[in-house]
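Right, one structure below, let's go through it.
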Amino acid sequence: MIMENILEYAGVFLATFVGMEFVARGMHKYVMHGFMWSVHQDHHRERQAEIEKNDLFGLLFAGVAILLIFQGILHGNLLALSAGLGLTGYGVAYFFVHDMIIHDRHLHLRSWGTRHSPFRELILVHEVHHAEGEGNWGFLFVIRGLDKIPPEIQVKK
């Protein structure tokens with residue numbers, strides 16, 4: 001039965017992973033820059049710390065992922081397990097890309113990221129958000145037509 005539905009579970013994992021970018025964008029715009037600004041505010045300082053109040057948002061999403069994974073394991077709900085693993089995958093990607101590459105926290109990988117085009121684009125687009133305090137609400141994907149693209153990024157034809 002598991003093998004018969006493997007594509008369904010993989011699809012749930014992938015849909016959750018990609019969908020989290022849009023959930024995170026909404027949370028970032030309406031919650032983090034809204035009524036929870038006092039928690040997110042330290043993330044907009046000139047230099048980020050190793051530990052920030054803003055990290056509480058990651059813990060919130062991690063808690064949801066853990067609940068889904070436990071639901072999947074304890075009750076044999078493989079769809080919940082797949083969604084929980086998708087959330088976890090997004091969280092791990094966020095931690096490496098957003099925290100370590102874009103904001104140079106923890107392993108300090110920003111200089112490495114600036115030498116690799118997809119990460120360089122993310123860095124530059126995210127810098128627009130920090131410079132203007134609005135727009136470009138995403139974390140892992142640059143979405144042309146939705147995100148404000150800085151002039152340093154050449155338009156791909």
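End of the sequence shown sits at 157 in UniProt numbering; the numbers just go up one at a time, nothing left out.
Note that the Cβ used here is the ideal one computed from N, Cα and C, for glycine as well.
In this text, all values refer to a predicted model and were calculated from it rather than measured experimentally.
task: Determine, using beta carbons only, whether isoleucine 143 and histidine 126 come nearer to each other than 9 Å.
output: no
task: Since I believe isoleucine 153 is in contact with glutamate 121 (beta carbons under 8 Å), could you give me their beta-carbon distance rounded to a whole number of angstroms?
output: 6 Å
field: Neighbourhood of methionine 100 by C-beta distance below 6 Å, restricted to the same chain and skipping five residues each side
entry: His106, Leu107, Leu109
message: Between glycine 91 and alanine 49, how many whole angstroms is the CB-CB distance? I'm expecting something under 8 Å.
response: Not quite, the Cβ-Cβ distance comes to about 19 Å (not below 8 Å), so this is no contact.
query: Just curious, the alpha helix (DSSP H) that leucine 67 is in, first and last residue?
result: 55–75
task: State buried or exposed for methionine 3, treating a residue as buried only when at least 16 other CB atoms are found within 10 Å of its CB.
output: exposed
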